[in-house]
Amino acid sequence: MLASLLRSIRRTAMVPWHLMAIATSSRSFAHNPFLGSDRLNRWGLHARRVAMAQRLAASRRARLARDLSPEDAAAFDRDGIVVKPDFLPPDRFARLKAEIEALRAPAREVQQGGALSRLIPLSPAVLAQLPETRALVNEPGWRGLLNYVASTRHGPVLFIQTIISHVGGRVDDPQTELHSDTFYPSMKCWLYLHDVAEEDGPFVYAPGSHRATPRRLWWERARSLSWRGGDEHSGRGSLRVSAEMLRRLGYGAARAYPVRANTLVIADTYGFHARGPSARPSVRIALWAQGRRNPFLPWAGLSPTSLDYVRDRQAVAFWAIRDTLARLGLGRPYMHDAGAVRPGDPAMDRSGDARVDA
Numbered sequence: 001m002l003a004s005l006l007r008s009i010r011r012t013a014m015v016p017w018h019l020m021a022i023a024t025s026s027r028s029f030a031h032n033p034f035l036g037s038d039r040l041n042r043w044g045l046h047a048r049r050v051a052m053a054q055r056l057a058a059s060r061r062a063r064l065a066r067d068l069s070p071e072d073a074a075a076f077d078r079d080g081i082v083v084k085p086d087f088l089p090p091d092r093f094a095r096l097k098a099e100i101e102a103l104r105a106p107a108r109e110v111q112q113g114g115a116l117s118r119l120i121p122l123s124p125a126v127l128a129q130l131p132e133t134r135a136l137v138n139e140p141g142w143r144g145l146l147n148y149v150a151s152t153r154h155g156p157v158l159f160i161q162t163i164i165s166h167v168g169g170r171v172d173d174p175q176t177e178l179h180s181d182t183f184y185p186s187m188k189c190w191l192y193l194h195d196v197a198e199e200d201g202p203f204v205y206a207p208g209s210h211r212a213t214p215r216r217l218w219w220e221r222a223r224s225l226s227w228r229g230g231d232e233h234s235g236r237g238s239l240r241v242s243a244e245m246l247r248r249l250g251y252g253a254a255r256a257y258p259v260r261a262n263t264l265v266i267a268d269t270y271g272f273h274a275r276g277p278s279a280r281p282s283v284r285i286a287l288w289a290q291g292r293r294n295p296f297l298p299w300a301g302l303s304p305t306s307l308d309y310v311r312d313r314q315a316v317a318f319w320a321i322r323d324t325l326a327r328l329g330l331g332r333p334y335m336h337d338a339g340a341v342r343p344g345d346p347a348m349d350r351s352g353d354a355r356v357d358a
């Protein structure tokens with residue numbers, strides 16, 4: 001009786017927060033009664049959020065276009081993805097690769113199926129050990145491209161990312177399902193330190209699927225009404241899509257992007273993408289960036305994270321907050337604390353590890 005009363009009080013207390021979340025980047029149907037409401041979504045709440053986020057992103061990108069080359073802007077506007085081989089001069093890339101491979105720093109790991117993901121945040125202490133990396137992430141050309149795709153000058157979260165496949169002999173990996181990360185334009189970027197062949201499960205993307213066409217908005221509305229019968233990721237707002245539905249939406253087939261070392265790949269992850277299935281055990285290491293911000297802000301700047309001091313502390317602060325909430329019983333740990341490791345260290349089988357969003 002008392003427990004039921006406390007749950008009721010907690011639900012009532014959360015109503016204002018859930019309501020305000022409609023005007024933020026909050027995406028989970030399952031965790032917000034307004035975002036997951038059948039009645040509101042029949043009236044078009046989710047589809048309208050998608051459409052408004054697209055219009056505002058287009059407006060912000062128009063103001064950010066001067067910060068990158070017309071060729072890169074045109075490629076992105078057409079496909080939603082930009083691939084730049086030989087991104088750095090060979091001698092500079094060799095120095096960057098060597099310093100990252102030699103790094104030993106605190107990391108977090110999560111295992112999903114047979115794939116283990118390792119993240120080393122580029123905190124100020126880590127960047128102090130990586131002079132070439134620090135110089136790159138502070139360059140105007142790098143920033144301009146990432147800002148344009150993210151549609152904001154909000155400083156991205158920066159990591160060294162390692163993906164190790166076939167851990168524990170398993171080959172299943174839920175990230176090989178085509179999906180959209182969230183309902184609004186967002187950015188992920190990889191500068192690959194090694195070749196990623198077709199057999200290694202390269203990045204997969206459906207060119208043009210970053211655009212919210214009328215068919216896509218129809219599909220978004222339908223999914224907002226059927227999320228209860230879907231998978232857990234879709235219930236949290238990272239919608240999965242089949243190859244057949246991708247064709248019906250008019251985007252054409254998704255394609256794999258095998259790359260050579262020193263290739264930069266940057267994409268709008270509102271577009272449908274996945275990690276390709278790996279046909280053999282493989283390890284890939286990349287300088288990785290992710291950019292998400294409240295999609296309903298009309299301005300492109302005015303973000304504290306555009307300051308290096310704040311940008312480089314985002315990941316560590318986020319992990320600390322999540323750890324504190326987990327200790328209080330208010331959430332789950334965000335990945336497993338792996339201690340100080342090198343990016344290329346062998347994987348430990350962490351089946352059943354903490355959950356991580358797509």
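Residue numbers (the working numbering): 1 to 358.
The beta-carbon is built from N, C-alpha and C at its ideal position, and this holds for glycine as well.
Just so it is clear, the structure is predicted and the values come from calculations on it, not from any experiment.
Residue 266 and residue 282 have their C-alpha atoms spaced approximately 21 Å apart. In this structure residue 138 is exposed. Its beta-carbon is surrounded by fewer than 16 other beta-carbon atoms within 10 angstroms.
The straight-line gap separating the alpha-carbon atoms of residue 262 and residue 147 is approximately 20 Å.
In the displayed model, residue 109 falls within a strand according to three-state DSSP.
A check of alpha carbon separations from residue 122 across 15, 100, 59 and 109 identifies 100 as the nearest. Taking one beta carbon from each stretch, the stretch 291-299 and the stretch 220-234 have fewer than 3 pairs nearer than 8 Å; the two do not touch. Nearest in C-alpha terms to residue 336, of all of 278, 96, 112 and 204, is 112. Ranking 114, 157 and 118 by CA distance to the CA of residue 345 puts 118 first.
By alpha-carbon distance to residue 142, the top candidate from 167, 190, 116 and 125 is 190. Note on the stretch 126-171: whole alpha helix (DSSP H) runs with a minimum of 4 residues are 131-137 and 140-150, in chain order. Taken in chain order, the complete alpha helix (DSSP H) segments of 4 residues or longer contained in the stretch 263-348 are 308-311 and 314-327. With fewer than 16 neighbouring CB atoms inside 10 Å of its own CB, residue 24 falls in the exposed class.
In this chain, the alpha helix (DSSP H) harbouring residue 224 covers 214-226.
The beta carbon of residue 75 sits closer than 7 Å to those of 82, all from its chain and outside the five residues before and after it, given in chain order.
Nearest C-alpha to residue 57 among 79, 331 and 210: 210. DSSP links residue 246 through a beta bridge to no other residue.
Cβ-Cβ distances below 6 Å link residue 97 to 193 in the same chain, with the five nearest sequence neighbours on each side left out; the list follows chain order. Distance check between residue 202 and each of 239, 227 and 164 places 164 closest, using alpha-carbon atoms only. Within 10 angstroms of the beta-carbon of residue 162 lie 16 or more other beta-carbons, which makes it buried.
Under the three-state reduction of DSSP output, residue 255 falls in the strand class.
Contact annotation: the stretch 172-189 touches the stretch 44-55, with at least three C-beta pairs closer than 8 Å. For the pair residue 153 and residue 301, the CB atoms are nearer than the 8 Å cut-off. Closest in alpha carbon position to residue 275, among 256, 286 and 260, is 256.
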